[in-house]
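A quick write-up on the structure given underneath.
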Ligand code: PRP
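In this note's numbering, the protein residues as written are 287 to 500.
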């Protein structure tokens, strides 16, 4: 898993059976909103294990019931930054396995005509730059939203930035490489193409709509 995709140096695709099984459930149009949200959160939780592998740690002395020993703990605060709306279910999955993380909400939507991202909310921890940030958004389509979110986090001083998504397109990954080459992208699938409406094919439909029944 530490090996990037052969054609995209910034992309890591999870081939793990559990993640692929859950992604297939997401793609299936008969999957209900409730199951869809649950699977999104579970995939994000599984991805955390790999995406956080290089998070900084420190050694501390602790007292077990029997003796003093050295332990390891995360050295800095951690932030998960969901892009609304669809990133919220991924953030829930991250928080299940990493409850110490703070949440920085980024509200972005794509203008339906131009597909350009429009920012409507930014609510980050004051010291978001004190540690690594995991940007989460299920869909990396044109890459416009992810690039805008990454820009916003960089402007807030974030140095260690990683992104987790469920599906990516070659266009989106390339756009991130052009604008944020130092942001590794972890995904469950790299899909074939983007259509003129900005939908990923074969894809899973509109993640936000499928999650919330809109
Ligand atoms: C979707 C998705 C991403 C964005 C990806 O959100 O969750 O945020 O589109 O597209 P891009 O890579 O072309 O920018 P959407 O705009 O549908 O908003 P929503 O989550 O509120 O439905």
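C-beta: ideal position from N, C-alpha, C; glycine also.
- Exclusion of residue 483 from the 6 Å shell around the ligand PRP follows from its C-beta lying no nearer than that to any non-hydrogen atom of the ligand.
- Every residue with a CB closer than 7 Å to a heavy atom of the ligand PRP is listed here in chain order: 369, 370, 371, 372, 373, 394, 395, 396, 401, 403, 423, 424, 425, 426, 427, 428, 429, 430, 431, 432, 458, 484, 492, 493, 494 and 495.
- Here DSSP, grouped into helix, strand and coil, assigns residue 488 to coil.
- The C-beta of residue 292 has fewer than 16 other C-beta atoms within 10 Å across all chains shown, which makes the residue exposed.
- Rounded to whole angstroms, residue 359 and residue 297 show a C-alpha spacing of 28 Å.
- Residue 307: not part of any beta strand (DSSP E); member of the alpha helix (DSSP H) spanning 303-313, first to last residue.
- Between the C-alpha atoms of residue 343 and residue 494 there is a straight-line separation of about 35 Å.
- Comparing alpha-carbon positions, the option among 425, 450, 379 and 388 lying closest to residue 395 turns out to be 425.
- Take residue 361, set aside five residues on each side of it, and the residues of its chain with a beta-carbon closer than 6 Å to its own are 342, 343 and 344, in chain order.
- Collapsing the DSSP output to three states places residue 371 in coil.
- With a cut-off of 8 Å on Cβ pairs, the region 399-419 is not in contact with the region 299-310, counting fewer than three such pairs.
- For the pair residue 347 and residue 384, the Cα-to-Cα distance works out to about 22 Å.
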